[in-house]
Amino acid sequence: MVTLRELTTDDARALTRIYSGASVRHTTGQELTLAQAQQKVRAALARAAETPRAQWSWGILATDEMIGLISLRRRSPSLGTLSYILREDTWGNGYATEAVKHVVDFAFTTAGLERLEAMHHPDNPASGRVLIKTGFTRTGTCDRRTDDGTAVVYQVYALPLPRAPLRR
Numbered sequence: 220m221v222t223l224r225e226l227t228t229d230d231a232r233a234l235t236r237i238y239s240g241a242s243v244r245h246t247t248g249q250e251l252t253l254a255q256a257q258q259k260v261r262a263a264l265a266r267a268a269e270t271p272r273a274q275w276s277w278g279i280l281a282t283d284e285m286i287g288l289i290s291l292r293r294r295s296p297s298l299g300t301l302s303y304i305l306r307e308d309t310w311g312n313g314y315a316t317e318a319v320k321h322v323v324d325f326a327f328t329t330a331g332l333e334r335l336e337a338m339h340h341p342d343n344p345a346s347g348r349v350l351i352k353t354g355f356t357r358t359g360t361c362d363r364r365t366d367d368g369t370a371v372v373y374q375v376y377a378l379p380l381p382r383a384p385l386r387r
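According to our numbering, the residues represented by the sequence shown are 220 to 387, in order.
Below is the structure:
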């Protein structure tokens with residue numbers, strides 16, 4: 220079982236462990252230094268204080284240890300995007316799936332969004348399986364440029380707000 224909580228200033232060291240090794244292979248490719256992690260936490264705390272709020276970042280906890288980060292970004296009044304990263308040694312335990320379910324519920328209730336989108340690197344099919352298990356549908360692809368200018372084709376997924384069936 221996982222729980223989510225807002226980030227705190229004490230989370231920087233945990234973020235350096237999360238953003239390391241194979242976990243960053245399909246993101247920036249660079250491990251996070253302690254100074255970068257501290258800046259990431261400061262930025263998340265600043266966004267948490269904004270009104271209206273456009274981004275939420277939560278630590279993913281398993282047995283009271285921070286093992287990942289999940290974020291929800293409001294792109295328009297009705298659209299949000301979801302991203303997540305887990306520490307490599309915690310992969311394969313269903314933690315990402317549980318965390319995504321929590322954020323989907325939050326997005327459609329508390330944040331009032333009507334559609335979520337997410338994408339994953341083509342060499343990370345496990346992330347696509349997480350999205351499918353949580354109700355997302357693959358909608359296409361999106362080219363993302365790397366630092367050297369080459370294009371990488373990411374898989375794109377969407378999840379509309381579930382509608383109640385019409386009563387007759």
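All C-beta atoms, glycine included, are put in the ideal place defined by N, C-alpha and C.
Limits of the beta strand (DSSP E) - the one that residue i falls within
i      : result
Tyr238 : Looking at the DSSP string, Tyr238 is not in any beta strand (DSSP E), and its letter there is neither H nor E.
Ala281 : 274-281
Ser290 : 284-293
Met338 : 334-339
Thr300 : 298-305
Selected residue, minimal CA-CA separation from residue i, among the options
i      : options                        : result
Ala233 : Leu298, Arg334, Leu280         : Leu280
His321 : Ala262, Val260, Val349, Asp362 : Val349
Thr329 : Tyr314, Ser239, Pro271         : Pro271
Ala377 : Gly248, Cys361, Thr369         : Cys361
Met338 : Phe355, Arg382, Ser295         : Phe355
Thr316 : Arg364, Thr282, Val371, Ala345 : Ala345
Ile304 : Pro296, Met285, Ser295         : Met285
Thr228 : Thr309, Val323, Thr365, Ala254 : Ala254
Asp342 : Ala326, Phe327, Thr246, Thr309 : Thr246
Asp283 : Asp366, Asp230, Arg363         : Asp230
Leu301 : Ile289, Gly368, Arg363         : Ile289
His340 : Arg266, Phe327, Arg364         : Arg364
CB contact flag (residue i, residue j, <8 Å)
i      : j      : result
Gly291 : Leu264 : Correcting the residue identity first, residue 291 is Leu in this sequence and not Gly. No, the Cβ-Cβ distance between Leu291 and Leu264 is not below 8 Å.
Gly347 : Gln374 : yes
Gly287 : Ala318 : yes
Leu298 : Glu336 : yes
Ala268 : Arg293 : no
Val260 : Glu250 : no
Trp275 : Arg224 : no
Val323 : Thr353 : yes
Glu307 : Gly248 : no
Ala262 : Thr235 : no
The alpha helix (DSSP H) enclosing residue i, as first and last residue numbers
i      : result
Thr316 : 314-327
Ala345 : 344-352
Arg382 : No alpha helix (DSSP H) contains Arg382, which DSSP labels as neither H nor E.
Leu253 : 253-267
The ligand NAP heavy atom lying under 7 Å from the CB of residue i
i      : result
Thr369 : In the structure on display, the ligand NAP does not appear, and there are no ligands present to speak of.
Simplified DSSP state of residue i, which is helix, strand or coil
i      : result
Asp229 : helix
Asp366 : coil
Thr246 : coil
Thr309 : helix
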